[in-house]
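K.L.:
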Amino acid sequence: MNTTKSSLLFDEAKKYIPGGVNSPVRAFKSVGGNPLFIQKGIGSKIYDVDGNEFVEYIGSWGPHLFGHNPSFIKQALLSAIENGTSFGAPTELEVEMAKLIIEMVPSVEMVRMVNSGTEATMSAVRAARGFTKKDKFIKFEGCYHGHADHFLIKAGSGALTLGIPTSPGVTKGNAADTLVADYNDIESVKKLVLANKGEIAAVIIEPIAGNMGVVSATTKFLSELRTICNEEGIVLIFDEVMTGFRVAKGGAQEVLNIKPDLSTFGKIIGGGLPVGAFGGKKEIMEMIAPAGPVYQAGTLSGNPLAMAAGYAGLKYINDNPSVYTILEEKAAYLADGFKANLKMLNKNYAMNRVGSMMCMFFTEQPVNDFKSTILSDTKLYGRFFNEMLRRGVYLAPAQFEAVFVSTAHSREDLDKTINAHFESLDTILI
Ligand SMILES: *Cc1c(COP(=O)(O)O)cnc(C)c1O
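Numbering (the working numbering), first residue to last: 61 to 490.
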């Protein structure tokens, strides 16, 4: 595979952009090698600047449910741009967008558009704090909620100690209000709630985690979490930035049948443009300025291009529920192919899948929480990734990310991927 142009661009990029990329995981650091610079994407495929073609399963890290540059989203963007790119004043489409989200996700009664998933989660926690007049919140180890300071915290030693910042630049003050519990472990939540009685504003969770590989919360765990939040007056926030509109029209909350108080969205909701949203119960959302005192704002929030792309995508899903049957069929076909390969190779690697999100771990232990996820041999994943890439299949350059199947993946793409999977594993597992 010739990657001369990408290599040269990466050397150049490193001079002007920290690490040569505008978001860390793009740099291939955890898999080895240099990132490829992408020229274009069409359907299930992307093409790099050296002319290599790949069947790819990142979909811009989740947004591209219909593959790259689907014509109906492109058309929506082209007609929106005729009227200008941004006004900083309300537009009709924002009302339509809000109504559509509320129709599709029944727990959402009011919604505010923002520009990224990070903004959505940050604002949802602020709304919960403003509403409850409490400061602390609980998150779960292994869940990712974007890069706002108070999310970059891991558990201290012992469940009851203060959180520890995971990044320089995050203050101890920020860490002090973030409590970290164990995913799918209700006892860890109960302990924190007891030790911080009356001080907790919110619990935020990925109901189906997609940032420690794919790990679903159990319905039992989430329903116990719901009960605790009800009893203690804690706002339950589902971070559906990845799962929203991907695992079902109504997101993970529809699949698992648990209603949060607030939900956060991103990725698919922007149709490939920078968008996020948070919404939920009216009494909480009406705390947000200018309806209420909790400040939240954005120069480009709800801008016409982002709304046009996002609305086109959501409308398509809402009008064509078969999208999820198609995704399920394709993803199941791929997962079955992977499983058959593993069997032939005498490996019992854990594979988790929820609809069109899946992850193969390099461990034979079942993976259902953060502790089991990190048993995966990430070095082996790195070698697997590079073997797949060489065979024209572009996976996430990091073990703990999902494989995203889109409606654009053809049977031919999936077969090519299954063959590459076998050959790649066969090569590295000698
Ligand atoms: C991607 C992601 C975020 C952050 O969204 P950005 O748009 O990258 O800021 C937050 N939460 C979850 C669950 C995500 O997958």
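In this text, a Cβ means the ideal position worked out from N, Cα and C, and glycines have one as well. Just so it is clear, the structure is predicted and the values come from calculations on it, not from any experiment.
Suppose the cutoff is 8 Å on Cβ atoms and the five residues either side in sequence are ignored; what does the same chain contact list for T467 look like?
P.N.:
L125, F126, G127, V383, I386, L387 and K390
K.L.:
Report the CB separation of H481 from F398 in whole angstroms; it is logged as a contact under 8 Å.
P.N.:
6 Å
K.L.:
Any heavy atom of ligand 1 closer than 6 Å to the beta-carbon of H205?
P.N.:
yes
K.L.:
Along the chain, where does the beta strand (DSSP E) containing C419 start, and where does it finish?
P.N.:
M417 to M420
K.L.:
Across the region 418 to 435 and the region 197 to 209, are there enough close Cβ pairs to call them in contact, namely three or more that are closer than 8 Å?
P.N.:
Three or more beta-carbon pairs drawn from the region 418 to 435 and the region 197 to 209 are found closer than 8 Å, and the two stretches are therefore classed as touching.
K.L.:
Regarding T238 and ligand 1, is the C-beta to nearest heavy atom distance less than 6 Å?
P.N.:
no
K.L.:
With a cut-off of 8 Å on the beta carbons, I'd call S276 and I268 a contact; round off their distance for me.
P.N.:
Contact between S276 and I268 holds, with the beta-carbon distance rounding to 5 Å and staying under 8 Å.
K.L.:
Could you tell me the alpha carbon to alpha carbon distance between D245 and N112, rounded to whole angstroms?
P.N.:
45 Å
K.L.:
Restricting to Cα atoms, I'd like to know which of G148, L485, D473 and D486 is closest to Y117.
P.N.:
D473
K.L.:
Using a Cβ-based criterion (distance less than 6 Å to any ligand heavy atom), does E266 qualify as near ligand 1?
P.N.:
yes
K.L.:
Is V3 buried or exposed, if buried means 16 or more other CB atoms sit within 10 Å of its CB?
P.N.:
Residue 3 falls outside the range modelled here, since the chain spans only 61 to 490, and no answer is possible.
K.L.:
Would K193 be called buried (16 or more neighbouring beta carbons within 10 Å of its own) or exposed?
P.N.:
exposed
K.L.:
Use the C-beta contact count for A351: other C-beta atoms within 10 angstroms, 16 or more gives buried, fewer gives exposed.
P.N.:
Its Cβ having fewer than 16 others within 10 Å, A351 is exposed.
K.L.:
Go through its chain and collect everything with a Cβ distance to A140's Cβ below 6 Å, but skip five positions before and after it.
P.N.:
P364, L365 and A368
K.L.:
Taking 7 Å as the limit between beta carbons, can you name the residues of its chain near D110, skipping five residues before and five after?
P.N.:
N62, T63, T64, K65 and S66
K.L.:
Name the residue from L360, R413 and I488 whose alpha carbon lies nearest to the alpha carbon of G144.
P.N.:
Of L360, R413 and I488, the smallest CA-CA separation from G144 is found for L360.
K.L.:
Could you give the C-beta distance for S416 and V453, rounded to a whole number, given that I count them as a contact under 8 Å?
P.N.:
That belief does not hold up - the Cβ atoms of S416 and V453 are roughly 16 Å apart, past 8 Å.
K.L.:
Taking all protein chains shown into account, decide if N401 is buried (16 or more other Cβ within 10 angstroms of its Cβ) or exposed.
P.N.:
buried
K.L.:
Which residue marks the beginning of the alpha helix (DSSP H) containing N446, and which one marks its end?
P.N.:
N446 -> alpha helix (DSSP H) spans T438 to R450.
K.L.:
Smallest Cα separation from T433: which of T279, R189 and Y243?
P.N.:
The shortest CA-to-CA distance from T433 to any of T279, R189 and Y243 is the one to Y243.
K.L.:
Report the residue ranges of all alpha helix (DSSP H) runs contained in full by the region 379 to 428; include only those spanning at least 4 residues, in chain order.
P.N.:
382 to 404
K.L.:
Determine the DSSP secondary structure at A208, reduced to helix, strand or coil.
P.N.:
coil
K.L.:
Going by beta-carbon coordinates alone, are F445 and V165 separated by less than 7 Å?
P.N.:
no
K.L.:
State the start and end residues of the unbroken beta strand (DSSP E) segment that holds I488.
P.N.:
Element bounds for I488: not the beta strand (DSSP E) but the alpha helix (DSSP H), R471 to I488.
K.L.:
Just curious, the beta strand (DSSP E) that F325 is in, first and last residue?
P.N.:
Counting along the chain, the beta strand (DSSP E) containing F325 begins and ends at L322 to F325.
K.L.:
Taking a contact to mean a Cβ-Cβ separation below 7 Å, would you say A215 touches V240 in this structure?
P.N.:
yes
K.L.:
Report the rounded CA-to-CA distance for K100 versus D108, giving the unit in angstroms.
P.N.:
C-alpha separation (whole angstroms): 7 Å.
K.L.:
By Cβ distance, which residues of its chain are closer than 7 Å to A395, with the 5 residues on each side in sequence left out?
P.N.:
M411, R413 and M418
K.L.:
Got a sec? Which residues, its chain only, sit under 6 Å from M173 by beta carbon, not counting five neighbours each side?
P.N.:
If we look at M173 and ignore the five residues flanking it on each side, its Cβ neighbours are A337, S361 and G362.
K.L.:
At a cut-off of 6 Å, is S276 close to ligand 1 when judged by its beta-carbon and the heavy atoms of the ligand?
P.N.:
no
K.L.:
List the endpoints of the continuous alpha helix (DSSP H) containing L160.
P.N.:
E152 to M164
K.L.:
According to DSSP, which residues form a beta bridge with V263?
P.N.:
V263 is bridged to I198 and L296.
K.L.:
With a 10 Å radius around its C-beta and 16 neighbouring C-beta atoms as the bar for buried, classify G373 as buried or exposed.
P.N.:
Residue environment for G373: buried (at least 16 other C-beta atoms within 10 angstroms of its C-beta).
K.L.:
Leaving out five residues before and five after Q425 in sequence, what residues of the same chain have Cβ atoms less than 7 Å from its Cβ?
P.N.:
A410, S432 and L435
K.L.:
Have a look at K232 and G258 and give me their C-alpha separation to the nearest angstrom.
P.N.:
22 Å
K.L.:
For the putative contact between N175 and P334, defined by C-beta atoms under 8 Å, what is the C-beta separation to the nearest angstrom?
P.N.:
5 Å
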